[in-house]
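Take a look at the structure below.
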Amino acid sequence: IRLRKAVLDPNDRKRAENALRKAKEAAEEASAAKTQFLDSLSYDLELAATMQKALLPSPLRVPGATLEWIFQPNYFIGGDIFDYFMLDEQCLGFYQLDVAGHGVPAALLSFTLSQVLAQGTEEQRVRRQATGLGEAAVLPLIVTGLNQRFQSSIDPSRYFTMIYGHLDLRTGRVTLTQAGHPRPIWLHRVDRRVELVGGGGFPIGLLPDVEYDATTFDLARGDRLVLYSDGVTECANAAGEPFSERRLMRL
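For the sequence shown, the numbering used here assigns the number 356 to the initial residue and increments by one for each residue that follows.
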């Protein structure tokens, strides 16, 4: 076997070197552009997360009740949001909702809903149209109205679960309407009993003609009512086992 030494033309060698240099420069520019984009996206998401948290209420202490919360999204931003507000000197309104999915689409819908529900705005609108109704009738009307308004023809999977309720600060009576949201946990102070409240209801945004009802019960002095999203009960450990409703109640 005879081996021949290949001789590379100087011009060909120069062209190859230029091509290699240009390819390297293009790869470095693409990497720098990707890094810049990711940095910008991270900044925007952190800013959005700050704005989302700014929508949440401060912990509240009023005669008859103390309200506290923990908010820890799984991503920068998500579809969970809640609020509480005084409707009058005696009645405290509250809601918690969870938009299906994660990230920006879910957060955008939760932002919209927070503006619709801000400080009882939607409730005031419903009460003006349906005068003379008690709380057990008004709360289902509020949730029914939201269900009719937020039917999505673009993305049928864009629905949300919700609890909307009232607390009478004088008597401790709670009236609430559930729409597919996890059932609240009622902790009885006297006998340390733990009880799930309500039946759950149907999520908002899936079917336009769903009917909702209200649940009423009376908190005693020192009782606690815990509202939460499925992000708590469905959070999994390293083995993939969800935390579960049972563990939360035991906690």
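Where a beta carbon is used, it is the ideal one built from N, C-alpha and C, also for glycine.
- Item | Beta-bridge partners of residue 438, as assigned by DSSP | 450
- Determine the DSSP secondary structure at residue 597, reduced to helix, strand or coil. strand
- Can residue 540 and residue 565 be called in contact, C-beta distance under 7 Å? no
- Count the other CB atoms within 10 Å of the CB of residue 534; is the residue buried (16 or more) or exposed (fewer)? buried
- Message: Distance check for residue 501 and residue 492, CA to CA, integer angstroms please.
- Response: 15 Å
- Query: Per DSSP, residue 519 forms a beta bridge with which residues?
  - Reply: 450, 532
- I think residue 532 touches residue 568, with their Cβ atoms under 8 Å apart; what is that distance to the nearest whole Å? 7 Å
- Item | Beta-carbon separation (whole angstroms), residue 439 vs residue 460, contact threshold 8 Å | That pair is no contact at about 26 Å.
- Query: Expressed to the nearest angstrom, what Euclidean distance is found between the alpha-carbon atoms of residue 596 and residue 585?
  - Reply: 14 Å
- Quick one: give me the first and last residue of the alpha helix (DSSP H) that residue 492 is part of. 490-504
- Using beta-carbon positions only, say whether residue 552 and residue 604 come within less than 7 Å of one another. no
- Item | residue 426 classed as buried or exposed, judged by whether at least 16 other C-beta atoms fall within 10 angstroms | exposed
- Does the pairing of the stretch 481-489 with the stretch 519-529 give three or more beta-carbon distances under 8 Å? no
- Task: Excluding the 5 residues preceding and the 5 following residue 513 in the sequence, name in chain order all residues of the same chain whose CB lies nearer than 6 Å to its CB.
- Result: 507
- Message: Do residue 454 and residue 442 have their beta-carbon atoms positioned less than 7 Å apart in this structure?
- Response: no
- Task: Kindly indicate the opening and closing residues of the beta strand (DSSP E) around residue 478.
- Result: Premise fails: residue 478 lies in the alpha helix (DSSP H), 476-484, not in any beta strand (DSSP E).
- Message: If I measure Cβ to Cβ from residue 587 and keep anything under 7 Å in the same chain, skipping five residues before and after, which residues do I get?
- Response: 598, 603
- Could you spell out the range, first to last residue, of the alpha helix (DSSP H) harbouring residue 571? First-last for residue 571: 570-573, but that is the beta strand (DSSP E), not the alpha helix (DSSP H).
- Task: Could you please give me the residues that DSSP links to residue 591 through a beta bridge?
- Result: 597
- Message: Taking the straight line between their C-alpha atoms, what separation do you get for residue 384 and residue 469?
- Response: 42 Å
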